[in-house]
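Chemist: Okay, handing you the structure first.
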RNA sequence: UGGGGCGUCGACAAACGGCAAGUCAGGAGAUUUUGGAUCUCCCAUGUGGAGGUUCGAAUCCUCCCGCCCCAGCCA
């Protein structure tokens, strides 16, 4: 069989060409450079798969580097979660865990060098003044009055900046480039700002911190990164990236930009994700409705499925919106092969099998996974009183409804054919609360000797043997493919029904000792994952994703 | 009114001057002890538009149109 070839994207093409031309001695070295100011999400997964994936494919290396140049926003909690998530996704940075803050001293020396070259200067303009002097998109900026200070004065001032002689915001170090450039990033960008703030790694050693544009290219250069892959919004920054490295005449990695991931029915910006958490729209960063890696993990998504998804969506430069159904497809594909099947009744309807002997219990054999016979079989207890799914009975069924109805015979999976012979209703509400059925003893195991057909097979749980469980059903967090597209505020499109909690579900006894993180298929319903909230004798399940549901589609078209 | 990018099916995405891949979604059927899974078939005479070059254009050229990003001492 021919192995399906992996998609070759424009980045891999560039790298292949570079290797051919012996650029960087045919070495490939990438990096994943998160800022530790939030949790990783599925969009980061795309970048992680790209950077680590390329390193693997080209027999190169990929570093994990924290871009920690802003002590005000960054926290140790985030670096720990990021490490865990990258590892969980299946990637290994080995001994190459770095921090931009590791290079602060070197960056300082390079900055001094730029000053000596007359390429950087200390500027006394306030933030507002800098903005004023910068001009606009359509109007060139004008030179700062401090632009032509002598090298000696600049050096002296820069040293005193470091010593902490000046308050926050009073001065900056700026690159001397071109205030009339069409590219605003080149209008004497700030390289260092004064921040008397404790850094999670360097403590109080520094009170000046480098800006991204300056820090990133130097970090890449120091680490010998060959291909510095980032998202499209940094395309405008590439001339600056190149400028610093050219002026300094140091090792010069190549920056390549690709389009970030957008997913329908979800938001993927840190700002909005943090808002969802802080304002309590979700229960935390790892809420199973969140597109964070920790949320997806708790939801039951497997790392391999996420990797398959990231590979399939490809890498390109055009803005795109990936249909979340594609993600769900890969989740199902993965779980279909691996998840053991069990029976669980989410909305129980009591069924008494009136011709089945009282007190009799049978152990029926059930297949754990029809996709993988190696997963074996198990025994499921059957008795006179069982629960079936409320939705599996209709007193007055529409034409395409194949399931149980008055007088109709259906199969109970791995058990017997049953026929509905009576309905018990709540006197006040008229709601169906119990069914009376008869069973055909000759259909034990679910096959009838006379080959007569039934149109439906129902899952069930024996009432006296069932275990009570809580099940949390999740739907998309937002009701619109692009949240906030119409109103301008993504929160107006929050889905009020994104979480439904069912407290008294009945699951089969083999689930008694399920462990948090275990994944199952509840037959005919979906894939479910045991939540860490589970307590002894009261498991909690998260619905990872539903099964494809043809009936739901029919029912919808009926309305 | 400046600079940088991008337009191929409902959604992703290949093609690199020579027959518009593939995946998801959607539709039809087969099969089925999960209305699951699996299998088969259908789904762009056409690549934002108009011209041009060429035996031949999604691909090269010209003009036009549309969309995204940039005016943090954030990354």
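In my numbering, the protein residues as written are 2 to 560.
For every residue, glycine included, the Cβ atom is placed at its ideal position computed from N, Cα and C.
Would you decide whether residue 493 is buried or exposed? Buried here means 16 or more other CB atoms lie within 10 Å of its CB.
Modeler: The residue labelled residue 493 in the question sits at position 492 within the first chain. Result: exposed.
Chemist: Would you say residue 294 and residue 90 are within 8 angstroms of each other, going by their C-beta atoms?
Modeler: Position 293 of the first chain holds residue 294. Position 89 of the first chain holds residue 90. Result yes, Cβ atoms of residue 294 and residue 90 sit closer than 8 angstroms.
Chemist: In chain order, what residues of the same chain have a beta carbon less than 6 angstroms from the beta carbon of residue 551, not counting five sequence neighbours either side?
Modeler: Taking the first residue of the first chain as 1, we reach residue 551 at position 550. By the criterion of a C-beta distance shorter than 6 angstroms, residue 551 is surrounded by no residue of its chain, once the five residues flanking it on both sides are discounted.
Chemist: Which runs of the beta strand (DSSP E) spanning at least 3 residues fall entirely within the region 383-414, listed in chain order?
Modeler: Segments of the beta strand (DSSP E) lying fully in the region 383-414: 386-390, 410-413.
Chemist: Look up residue 251 in the DSSP assignment and say whether it is helix, strand or coil.
Modeler: In the first chain, residue 251 corresponds to position 250, counting from 1. Three-state result, residue 251: coil.
Chemist: Using only CA atoms, which one of 82, 112, 122, 524 lies nearest to residue 343?
Modeler: Position 342 of the first chain holds residue 343. Distances from the alpha-carbon of residue 343 to those of 82, 112, 122, 524 put 524 closest.
Chemist: Using a Cβ-Cβ cutoff of less than 8 angstroms, which residues in the same chain neighbour residue 257 once the five nearest sequence positions on both sides are dropped?
Modeler: Position 256 of the first chain, counting from 1, holds the residue named residue 257. Excluding residues within five positions, the ones whose Cβ falls inside 8 angstroms are 12, 15, 228, 229, 230, 231.
Chemist: Under the three-state reduction of DSSP, which class applies to residue 429: helix, strand or coil?
Modeler: Looking up residue 429 in the first chain gives position 428. The answer is coil: DSSP assigns residue 429 none of H, G, I, E or B.
Chemist: At what residues does the alpha helix (DSSP H) containing residue 559 begin and finish?
Modeler: Sequence index remark: in the first chain, residue 559 carries index 558 (1-based). From DSSP, the alpha helix (DSSP H) with residue 559 extends over 551-559.
Chemist: Can you name the residues that DSSP bridges to residue 313?
Modeler: Position 312 of the first chain holds residue 313. Its beta-bridge partners do not exist; DSSP assigns none.
Chemist: Thinking C-beta only, is residue 210 closer than 8 angstroms to residue 38?
Modeler: Here residue 38 corresponds to residue number 37 of the first chain, with the count starting at 1. Here residue 210 corresponds to residue number 209 of the first chain, with the count starting at 1. No, the pair does not count as a contact, with Cβ atoms beyond the cut-off.
Chemist: When you compare the CB positions of residue 535 and residue 507, do they come within less than 8 angstroms of one another, or not?
Modeler: Here residue 535 is taken as the residue at index 534 of the first chain, counted from 1. Here residue 507 is taken as the residue at index 506 of the first chain, counted from 1. Not closer than 8 angstroms, so no.
Chemist: Return the first residue and the last residue of the alpha helix (DSSP H) that residue 218 is part of.
Modeler: The residue you call residue 218 lines up with position 217 of the first chain. First-last of the alpha helix (DSSP H) with residue 218: 213-224.
Chemist: Just to confirm, is the Cβ distance from residue 323 to residue 269 under 8 angstroms?
Modeler: As a first step, residue 323 is located in the first chain; it is residue number 322 there, counting from the start. As a first step, residue 269 is located in the first chain; it is residue number 268 there, counting from the start. No. Outside cutoff.
Chemist: In chain order, what are the residue ranges of uninterrupted alpha helix (DSSP H) at least 4 long that sit wholly in the region 147-231?
Modeler: 152-164, 213-224
Chemist: Please tell me whether residue 241 and residue 187 are closer than 8 angstroms, where the distance is taken between their beta carbons.
Modeler: Counting from 1 along the first chain, the entry for residue 241 is found at position 240. Counting from 1 along the first chain, the entry for residue 187 is found at position 186. Result yes, Cβ atoms of residue 241 and residue 187 sit closer than 8 angstroms.
Chemist: Starting from residue 89, trace the alpha helix (DSSP H) in both directions and tell me its first and last residue.
Modeler: If you number the first chain from 1, residue 89 lands on position 88. Here the alpha helix (DSSP H) through residue 89 covers 77-89.
Chemist: Taking only three categories from DSSP, how would you classify residue 493?
Modeler: What you label residue 493 is simply residue 492 of the first chain in a count that begins at 1. In the structure shown, residue 493 sits in a helix (DSSP, three-state: H, G or I).
Chemist: Would you decide whether residue 554 is buried or exposed? Buried here means 16 or more other CB atoms lie within 10 Å of its CB.
Modeler: As a first step, residue 554 must be located in the first chain, where it is residue number 553. Residue environment for residue 554: exposed (fewer than 16 other C-beta atoms within 10 angstroms of its C-beta).
Chemist: Which residue or residues does DSSP assign as beta-bridge partners of residue 345?
Modeler: Taking the first chain and counting its residues from 1, one reaches residue 345 at position 344. For residue 345, which the question treats as bridged, DSSP gives the partners 508.
Chemist: Quick one: residues in its chain with C-beta nearer than 7 angstroms to the C-beta of residue 114, no 5 flanking neighbours on either side, listed in chain order?
Modeler: Here residue 114 corresponds to residue number 113 of the first chain, with the count starting at 1. Here the set comprises 249.
Chemist: State yes or no: is the C-beta of residue 411 within less than 8 angstroms of the C-beta of residue 509?
Modeler: The residue you call residue 411 lines up with position 410 of the first chain. The residue you call residue 509 lines up with position 508 of the first chain. No, they are not a contact pair.
Chemist: Report the CB separation of residue 539 from residue 471 in whole angstroms; it is logged as a contact under 8 angstroms.
Modeler: Numbered from its first residue, the first chain carries residue 539 at position 538. Numbered from its first residue, the first chain carries residue 471 at position 470. With a Cβ gap of about 7 angstroms, residue 539 and residue 471 count as contacting.
Chemist: Contact between the region 94-103 and the region 57-67 is defined here as three or more beta-carbon pairs at a separation below 8 angstroms; is this criterion met?
Modeler: yes
Chemist: Run through the DSSP bridge pairs and tell me what residue 30 is partnered with.
Modeler: Taking the first residue of the first chain as 1, we reach residue 30 at position 29. According to DSSP, which records beta bridges pairwise, residue 30 is partnered with 62.
Chemist: Quick check on the DSSP output: the alpha helix (DSSP H) that includes residue 1 runs from which residue to which?
Modeler: Outside the displayed span of the chain (2 to 560) sits residue 1, for which this structure offers no information.
Chemist: State the DSSP-derived secondary structure class of residue 451, mapped to helix, strand or coil.
Modeler: As a position in the first chain, residue 451 is number 450, starting the count at 1. If DSSP states are grouped into helix, strand and coil, residue 451 belongs with coil.
Chemist: On a CA-only basis, which of 214, 199, 215, 216 is nearest residue 208? Give me that one, please.
Modeler: Along the first chain, read from residue 1 onward, the residue named residue 208 stands at position 207. The option with the nearest alpha carbon to residue 208 is 199.
Chemist: Can you give me the C-alpha to C-alpha distance between residue 103 and residue 328, rounded to a whole angstrom?
Modeler: In the first chain, the residue the question calls residue 103 occupies position 102. In the first chain, the residue the question calls residue 328 occupies position 327. Taken atom to atom, the span from the alpha-carbon of residue 103 to that of residue 328 is near 37 angstroms.
Chemist: When we look at the beta-carbon of residue 197 and count the other beta-carbons within 10 Å, is it buried (16 or more) or exposed?
Modeler: For this step, residue 197 is matched to residue 196 along the first chain. Label assigned to residue 197: exposed.
Chemist: Taking buried to mean at least 16 other C-beta atoms within 10 Å of its own C-beta, is residue 47 buried or exposed?
Modeler: Locating residue 47 in the first chain gives position 46, where the first residue counts as 1. Label assigned to residue 47: buried.
Chemist: At which residues does the beta strand (DSSP E) containing residue 528 begin and terminate?
Modeler: Taking the first residue of the first chain as position 1, residue 528 is located at position 527. Per DSSP, residue 528 belongs to the beta strand (DSSP E) from 527-531.
Chemist: Given residue 201, which residues of its chain have a CB within under 8 angstroms of its CB, disregarding the five upstream and five downstream residues?
Modeler: Within the first chain, the letter at position 200 stands for residue 201. Closer than 8 angstroms at the Cβ level, and outside the excluded window around residue 201, lie 37, 69, 72, 75, 76, 77, 80.
Chemist: Pick from 436, 287, 419, 421: whose alpha carbon is nearest that of residue 427?
Modeler: Taking the first chain and counting its residues from 1, one reaches residue 427 at position 426. That would be 436, whose Cα lies nearest to the Cα of residue 427.
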